[in-house]
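Chemist:
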Amino acid sequence: MPERKLSDFAHFYATDLVKELKRLEVVRKAVLGRVIVLFVVIGGISAVAVAVDVVWRVSGWFIMLAAALCFGAGSFIYRYLISDYVFQFKISVISKIVSFLDPSLQYEPRGSIEQWKFVSSRIFEHNPDRLRGDDHVTGKIGATQVEFSELHAERKEETYSSRGRRRRWHTIFKGLFFIADFNKKFYGKTVVLPDTAEKLFGQAGSFLQSLNKARGDLIKLEDPEFEKLFVVYGDDQVESRYVLSTSLMERIVAFRKKTGRPVYLSFVGSQVFVAVPYRKGLFEPAVFSRLTDFKAVEGCFDDLQLALGIVDDLNLNTRIWSRAPSETQG
Amino acid sequence: MLMMGIALAVIVMIVIVIAGLYNSLVGKKNQVINVFGTVDALLRKRYDLIPNLVATAQTYMQYEKEVLSKVTELRARAISGKTSDDEKIAIDREISQALRGIMVAVENYPDLKANQSFLQLQASLNEVEEQISAARRAYNAAVTDYNNAVEMFPTNLMAQVMNYQRKAVFEIAPAEREPVDVQKMFKRQ
């Protein structure tokens, strides 16, 4: 992968992207017009509902129901209104940024990482009942096969009460999910999770962590900085250390600092899985601000760069162990 | 009656606590033994690679005969079965140093560097080295856990009764910390 700096991207933006963005800016303005109409309509309905409540003093849940309906229908229609614009942005802008970063990569705006891969990572304890995702990038960086996409995994919770069945969705994970071939061969699993217990309870936290047997053995590692940020569970004390060499631990700490977010990793089936949670949707165009601003696409560049940089950050292209480049699939 | 009940409860409690302390110490000691077994198995795996490595390297490395025969001799001593754990660790240290020297010297032999079976051996050796280093770290973690139990209250009281002593961790030999001095290692003719 050629090294791409922000200044290179700024140049690419000025020479290539700006034309596309100008064209899309026209589309955005049209979409924004429709979105504003939608907001006005919803605002009107809300006002009527409030008026009905004030005049006839209907019960409280009428207002609640009206609000929920308005919100549900509003967000559905909103998503419908912008969907075409979002897709155009992905096809003409994100795909260009991806091939600018590495021309050999494939980008599929509506594709995503399959559910079985997400489950096989063993990072999250709950299996998702619903998994949605987009922006699927696949390809090879050096000797390493990679893929990533945005994912939103949810589980369903159904409760029964006198008022009937209630279904609620809980988010398991939302953000960037990355998979790559690991440069060493191993058989068990090793899961690296953000450390919450030890941060809160110190030594006692470490004891609590060791009780979580469903995850496997607690692996206590010797790098204090790494231990402060992460907790590691694995099937095998020696193999987990074989995977998490001292240099890889340092690299993971550096990566965690670079992202400034909690980072989840797992090593299963000679692959590494990295999950970085994001609140915002990834690789989406701005609707309410000008698209032609550099800032509007800079975020997308940063997020893609972060995902593709994992190969270098974790030094996955170093193939001096059993896993020679020819052994990897792809 | 009540007094007897209380006395019995206290005795049962004490027995449970003692059993808990005893079991946790034995568990930690066995963990150390278990991981040392892994270290030992991996060292043996490395010894198994040495004859092939020497055979392949010998044909190309005319100037390195001395170090190659030294490695062979060390290996023979290591697998003779008469060595104690401490000796094993000492021999391992010497072999590590010699092997690293060979790998650096390979740079001077382009033919050897291009030899397919040598490259495979080199990859296997890298692999075993990495596994050995992981096993050593696992051993040190197990020993630290055990040593903490031996010295910390209340397990230290039980450890004294059981006559458990502190165990030593694997230390990196001073030579391993320094960069390899090839000139010194192979007295060039």
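So the protein lines, in turn, are chains A and B.
Sequential numbering of the first sequence, starting at 0, is according to numbering that gives the first Met the number 0.
Sequential numbering of the second sequence, starting at 0, is according to numbering that gives the first Met the number 0.
Just so you know, even glycine gets a beta-carbon here, dropped at the ideal spot from N, CA and C.
Where does the unbroken beta strand (DSSP E) through H169 of chain A begin, and where does it stop?
Modeler: Working through the first sequence from its first residue, we reach residue 169 of chain A at position 170. Taken as a continuous stretch (DSSP letters only), the beta strand (DSSP E) holding H169 of chain A covers 163-180.
Chemist: Which residue comes first and which comes last in the alpha helix (DSSP H) that contains V49 of chain A?
Modeler: Position 50 of the first sequence, counting from 1, holds the residue named residue 49 of chain A. First-last of the alpha helix (DSSP H) with V49 of chain A: 17-55.
Chemist: By the three-class DSSP mapping on this structure, what secondary structure does E128 of chain B have?
Modeler: Taking the first residue of the second sequence as 1, we reach residue 128 of chain B at position 129. E128 of chain B falls in the helix class under three-state DSSP.
Chemist: When you compare only the Cα positions, how much space is there between Q144 of chain A and K28 of chain A?
Modeler: Numbered from 1 along the first sequence, position 145 holds the residue referred to as residue 144 of chain A. Numbered from 1 along the first sequence, position 29 holds the residue referred to as residue 28 of chain A. Rounded to the nearest angstrom, the two C-alpha atoms are 40 Å apart.
Chemist: In chain B, which residues lie less than 8 Å from S244 of chain A when you measure between Cβ atoms?
Modeler: As a working mapping, residue 244 of chain A is identified with position 245 in the first sequence. Those are E129, S132, A133, listed as they occur along chain B.
Chemist: Between the segment 141-172 of chain B and chain A, which residues of the former have a C-beta closer than 9 Å to a C-beta of the latter?
Modeler: Cβ contacts with chain A come from A141, T143, D144.
Chemist: Would you mind sorting K4 of chain A into buried or exposed? The rule is 16 or more other CB atoms within 10 Å of its CB.
Modeler: Here residue 4 of chain A is taken as the residue at index 5 of the first sequence, counted from 1. Classification for K4 of chain A: exposed.
Chemist: For the alpha helix (DSSP H) that R92 of chain B lies in, which residues bound it at each end?
Modeler: Working through the second sequence from its first residue, we reach residue 92 of chain B at position 93. R92 of chain B -> alpha helix (DSSP H) spans 84-104.
Chemist: H125 of chain A to W55 of chain A, Cα distance in whole Å?
Modeler: As a first step, residue 125 of chain A must be located in the first sequence, where it is residue number 126. As a first step, residue 55 of chain A must be located in the first sequence, where it is residue number 56. One C-alpha to the other measures close to 47 Å.
Chemist: Would you mind stating whether I93 of chain A and C69 of chain A have Cβ atoms separated by less than 7 Å?
Modeler: Translated into the one-based positions of the first sequence, residue 93 of chain A becomes position 94. Translated into the one-based positions of the first sequence, residue 69 of chain A becomes position 70. Result no, Cβ atoms of I93 of chain A and C69 of chain A do not sit closer than 7 Å.
Chemist: Using a Cβ-Cβ cut-off of less than 9 Å, give me the residues of the segment 207-231 of chain A that come near chain B, in sequence order.
Modeler: I218, K219, L220, E221
Chemist: Which class does L150 of chain A belong to by DSSP, given the choice of helix, strand or coil?
Modeler: If you number the first sequence from 1, residue 150 of chain A lands on position 151. Three-state DSSP puts L150 of chain A in a strand.
Chemist: So Y241 of chain A contacts chain B; which residues on that side make the cut at Cβ distance below 7 Å?
Modeler: As a first step, residue 241 of chain A must be located in the first sequence, where it is residue number 242. Those within 7 Å of Y241 of chain A in chain B are E129, Q130, A133.
Chemist: What does a CB cutoff of less than 7 Å around L305 of chain A pick up in its chain, not counting 5 residues either side in sequence?
Modeler: Working through the first sequence from its first residue, we reach residue 305 of chain A at position 306. Excluding residues within five positions, the ones whose Cβ falls inside 7 Å are T258.
Chemist: Roughly how many whole angstroms lie between the Cα atoms of F117 of chain A and G268 of chain A?
Modeler: The sequence position of residue 117 of chain A within the first sequence is 118, counting from 1. The sequence position of residue 268 of chain A within the first sequence is 269, counting from 1. About 13 Å.
Chemist: So that I know if they touch, is there some Cβ in chain A lying closer than 7 Å to that of P109 of chain B?
Modeler: Reading the second sequence from its first residue, position 110 is the one you call residue 109 of chain B. Chain A contact via Cβ: absent.
Chemist: At least one CB of chain A closer than 7 Å to the CB of R136 of chain B: is that the case?
Modeler: What you label residue 136 of chain B is simply residue 137 of the second sequence in a count that begins at 1. It does: the Cβ of R136 of chain B has a partner Cβ on chain A nearer than 7 Å.
Chemist: At what residues does the alpha helix (DSSP H) containing V286 of chain A begin and finish?
Modeler: For this step, residue 286 of chain A is matched to residue 287 along the first sequence. Here V286 of chain A belongs to no alpha helix (DSSP H), and DSSP marks it neither H nor E.
Chemist: Determine, using beta-carbon pairs with one atom in the segment 118-134 of chain B and one in the segment 67-85 of chain B, whether at least three such pairs fall under 8 Å.
Modeler: Judged by Cβ distances under 8 Å, the segment 118-134 of chain B makes no contact with the segment 67-85 of chain B, as fewer than three pairs qualify.
Chemist: Got a sec: is the Cβ-Cβ distance from I319 of chain A to anything in chain B below 7 Å?
Modeler: For the purposes of this step, residue 319 of chain A is identified with residue 320 of the first sequence, where counting begins at 1. Judged by the 7 Å Cβ criterion, I319 of chain A is in contact with chain B.
Chemist: When you compare the CB of N22 of chain B with every CB in chain A, is at least one pair closer than 7 Å?
Modeler: Against the second sequence, residue 22 of chain B aligns to sequence position 23. Cβ-Cβ to chain A under 7 Å: no for N22 of chain B.
Chemist: Quick check: what's the CA-CA separation for A140 of chain B versus Q57 of chain B?
Modeler: The residue labelled residue 140 of chain B in the question sits at position 141 within the second sequence. The residue labelled residue 57 of chain B in the question sits at position 58 within the second sequence. Spanning the two alpha carbons is a distance of roughly 39 Å.
Chemist: Figure out for me which residue from A:E297, A:K89, A:K183 has the closest Cα to the Cα of D133 of chain A.
Modeler: As a first step, residue 133 of chain A must be located in the first sequence, where it is residue number 134. Residue A:K89 is the option with its Cα nearest to D133 of chain A.
Chemist: What separation, rounded to the nearest whole angstrom, lies between the Cα atoms of K183 of chain A and L313 of chain A?
Modeler: Looking up residue 183 of chain A in the first sequence gives position 184. Looking up residue 313 of chain A in the first sequence gives position 314. Spanning the two alpha carbons is a distance of roughly 12 Å.
Chemist: Exposed or buried, N29 of chain B, counting other C-beta atoms within 10 Å across all chains shown (16 or more means buried)?
Modeler: Within the second sequence, the letter at position 30 stands for residue 29 of chain B. Exposed is the call here.
Chemist: Have a look at I112 of chain A and D83 of chain A and give me their C-alpha separation to the nearest angstrom.
Modeler: The count along the first sequence starts at 1 and reaches residue 112 of chain A at position 113. The count along the first sequence starts at 1 and reaches residue 83 of chain A at position 84. So the two alpha carbons sit approximately 22 Å from each other.
Chemist: Expressed to the nearest angstrom, what Euclidean distance is found between the alpha-carbon atoms of G298 of chain A and I319 of chain A?
Modeler: Locating residue 298 of chain A in the first sequence gives position 299, where the first residue counts as 1. Locating residue 319 of chain A in the first sequence gives position 320, where the first residue counts as 1. Here the alpha carbon of G298 of chain A sits roughly 35 Å from the alpha carbon of I319 of chain A.
Chemist: Is the CB of V286 of chain A under 7 Å away from at least one CB in chain B?
Modeler: Within the first sequence, numbered from 1, the residue matching residue 286 of chain A stands at position 287. No, because no Cβ of chain B sits closer than 7 Å to the Cβ of V286 of chain A.
Chemist: Closer than 7 Å, CB to CB, is V179 of chain B near chain A or not?
Modeler: Here residue 179 of chain B refers to the residue found at position 180 when the second sequence is read from its first residue. Unreliable placement is indicated for V179 of chain B, whose pLDDT of 48 sits below 50; the coordinate value is still reported in the next sentence. By this cut-off, V179 of chain B is not an interface position.
Chemist: Going by Cα to Cα distance, which pick from A:E221, A:G233, A:R250 is closest to A212 of chain A?
Modeler: By one-based count along the first sequence, residue 212 of chain A stands at place 213. The amino acid occupying residue 212 of chain A in the given sequence is Lys; Ala does not appear at that position. A:G233 is the residue among A:E221, A:G233, A:R250 whose C-alpha sits nearest the C-alpha of K212 of chain A.
Chemist: Consult DSSP for G141 of chain A and reduce its assignment to one of helix, strand or coil.
Modeler: The sequence position of residue 141 of chain A within the first sequence is 142, counting from 1. G141 of chain A: coil per DSSP, three-state reduction.
Chemist: With F333 of chain A as the anchor, note down where its beta strand (DSSP E) starts and where it stops.
Modeler: Outside the modelled stretch of chain A, which goes from 0 to 329, sits residue 333 of chain A, for which no answer is possible.
Chemist: Can you grab the Cα-Cα spacing for the pair F123 of chain A / S160 of chain A, in whole Å?
Modeler: As a first step, residue 123 of chain A must be located in the first sequence, where it is residue number 124. As a first step, residue 160 of chain A must be located in the first sequence, where it is residue number 161. A direct Cα-to-Cα measurement between F123 of chain A and S160 of chain A gives close to 29 Å.
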